[in-house]
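Quick note, the sequence shown lines up with residues -19 to -1, 1 to 407 if you use mature numbering (1 follows the signal peptide of the UniProt record, and there is no 0).
Below is one structure; the comments refer to it alone.
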Amino acid sequence: MKLPLLLVFLWTLTTFSLQTTELQGLMLGLDRRLVQLQEDVSVLEKEDDGDLYGVLSLNVIHNEMTEIRLLLDKLNTTTEEQHKQTAATTHRMEQVRAEMEQLETFDTQQVVKRQEANQRLRRDLDKCRNGLHAGPPPTEPPNGSCPYGEFLNISEPRVYTAGEYPGSYKYGAWGRDPKPEPGKESWHWLVLMTSSNRYSNYVRQYHSLSSLIVGQSVPGNVLISSSNPTTNTIQGPNVVLYGGSLYYNCYNQHAVCRFNLTSKTVTNVDLPQGTRYNSKGNFCHLDECYPYTDLDLATDESGVWVVYTTTQDFGNLVLSKVEEGEPPKLNQTWHTSVFKQGVTNTFVACGVLYATRYVSKDVEEIFYSFDTTTGKERFDVGIFMNKMSTNIQALNYSPVDQMLYAYCDSNMVSYEAMFESSGDSF
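So, in structure tokens, the structure goes:
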């Protein structure tokens, strides 16, 4: 078989497979959106009070109908392209069949010799590549500059564990430090809301993922304070560890606390006046809100971010960059048009803010994005997460391993983030 024809055929099959998978994904997304629309309309008919709740419900239904229309447009376009691709694939398959008949008369030994020569060439090429790209890639690209390409999908759950305290603490967070101290590259951390599902006063460390799963914590708890709660202890589950310091919502303040695990010192970053805190600006879905989730800390390739809302923004999400320093400070701030109480969680990857919403007890959807480089908003991201339990109380992205770390009703779950360069995004 001629090599160019083989490559074209393989490329065609790959493209056809991707388009088929995309079509299936669009159909699944449309089916779920129609079910969600029917549920939202039912809720409005039963519970419309003619006031604020009705306006909010109508706004939700309007967004659902807009997204269904976008899905239908994309579905029609994808179907037309698939028909064209099917015809092209059939033609190329006929060409391949003719080439295969010629191969039957080809000398097998010559084929083996060519394969061996190709393997030698590949080994030589790999050596050249390794020599040309010996330096490490940059670890902190500017906002929106993603070394992996576009974020496309997420995997099925990679890790699912109850850890050291099965069923004991419904709210918490876990993950890895994207900028670890030397010797702590494989360490994992865990923060549990040990008081009223709202407060905590320590961070627990583990030497590896396996030690976290089996519950062998070394060095154990690093205390912020012996009291819980008190000034500068943790309020709410949306915390992150970065550069050896824990970032979180300070107890009873509209501020971010940074606790250095080595020096045991706390420094504060005040948020703008009007920032909602003390469970006045939570993440929610139609059935309930997650208490004391006013501030959501996040990490990506460039550092630490904080997501919140203010009275001036009428409850819409606000995103600010937290810059390291002594003391740390807020840098640039972005204002979005997505209502925070219509969101269940957020995370940041490569300078892009993503928001999730509750679809069912088994499915969560990454439905929204905001690119801090371009200012572009999308309400049709359409990436679905299969959940291991009903609620996700904390969700954060780790650029160390391109994983999403979720804390779900006392369980710890991780998902692999699929980018263009992953090669197996679908």
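Where a beta carbon is used, it is the ideal one built from N, C-alpha and C, also for glycine.
Exposure label - residue i; buried when at least 16 CB within 10 Å
i, result
"P380", "buried"
"N367", "exposed"
"G153", "buried"
"A68", "exposed"
"H43", "exposed"
"Q17", "buried"
"S406", "At S406, the pLDDT of 40 sits below 50, so the modelled position is not reliable; the number obtained from the coordinates is stated separately. The residue in question, S406, is buried, as its Cβ has 16 or more Cβ neighbours within 10 Å."
"S350", "buried"
"S149", "exposed"
"D54", "exposed"
"G164", "exposed"
7 Å Cβ shell around residue i - same chain, five flanking residues per side excluded
i, result
"E131", "F400, E401"
"E397", "I135, S136, R139, Q383, M384"
"residue 410", "With the chain represented from -19 up to 407, any question about residue 410 goes unanswered, as that position is not in the structure."
"Y180", "M174, N209, P210, T214, I215, Q216, Y232"
"D294", "H316"
"D281", "V329, A330, C331, G332, Y378, P380"
"P309", "R239, T248, V250, V303"
Helix, strand or coil at residue i according to DSSP, with G and I counted as helix
i, result
"G284", "strand"
"D12", "helix"
"N372", "coil"
"A387", "strand"
"K357", "coil"
"H43", "helix"
"S310", "It is Lys, not Ser, that sits at residue 310 in the sequence shown. DSSP places K310 in strand when its eight states are reduced to three."
"R78", "helix"
"E61", "helix"
"Q322", "helix"
"K302", "strand"
"V203", "strand"
"A68", "helix"
"Q186", "strand"
"Q17", "helix"
"E346", "strand"
"P122", "Interpretation of P122 is limited by its pLDDT of 45, a score under 50 that renders its predicted location unreliable; no figure is taken from the coordinates."
"L53", "helix"
"residue 408", "Examination of residue 408 is not possible in this model, given that the chain is present from -19 through 407 alone."
"V140", "strand"
"E397", "strand"
Residue from the options whose Cα sits closest to the Cα of residue i
i, options, result
"L278", "C270, Q216, Q254", "Q216"
"L171", "S177, E162, Q66, T142", "T142"
"A292", "T214, G262, V203, K165", "Correcting the residue type first, residue 292 is Thr in the shown sequence and not Ala. With distances taken between Cα atoms, T292 lies closest to G262."
"C270", "R359, Q322, H43", "Q322"
"V394", "H64, F295, G156, V324", "G156"
"S191", "P161, P163, E145", "E145"
"Y129", "A330, D343, Y349, S350", "A330"
"E358", "L227, Y378, V344, G332", "G332"
"V319", "E304, N312, N297, K302", "N297"
"K342", "T354, G6, R13", "R13"
"T290", "N241, M74, T314, K310", "T314"
"S189", "N178, S23, H169", "H169"
"V41", "Q19, R239, E307, G356", "Q19"
Within-8 Å CB hit, residue i to chain D
i, result
"N57", "Any reference to chain D falls outside this structure, which holds one protein chain only."
Sequence-distant residues of its chain with Cβ nearer than 6 Å to residue i (five each side left out)
i, result
"I347", "Y335, T337, V362, I364"
"R185", "L171, S198, N202"
"T214", "N182, I205, S206, Y232"
"N230", "Q216, G217, L276"
"G224", "K160"
"V344", "F365"
Neighbourhood of residue i by C-beta distance below 8 Å, restricted to the same chain and skipping five residues each side
i, result
"G112", "Because the pLDDT at G112 is just 49, under 50, the model does not fix this residue reliably, and the value given afterwards should be weighed accordingly. Contacts found: none."
Check: So, do the region 338 to 353 and the region 234 to 254 have three or more beta carbon pairs nearer to each other than 8 Å?
Finding: By the C-beta criterion, the region 338 to 353 is judged not to be in contact with the region 234 to 254, since fewer than 3 inter-stretch pairs fall below 8 Å.
Checklist line | contact_flag[the region 239 to 246, the region 255 to 273] where n(CB pairs < 8 Å) is 3 or more | finding: Proximity of the region 239 to 246 to the region 255 to 273 falls short of the contact definition, fewer than three beta-carbon pairs being nearer than 8 Å.
Check: Do the region 371 to 378 and the region 318 to 333 meet, that is, are 3 or more Cβ pairs less than 8 Å apart?
Finding: Between the region 371 to 378 and the region 318 to 333, the count of C-beta pairs closer than 8 Å reaches three or more; the two stretches touch.
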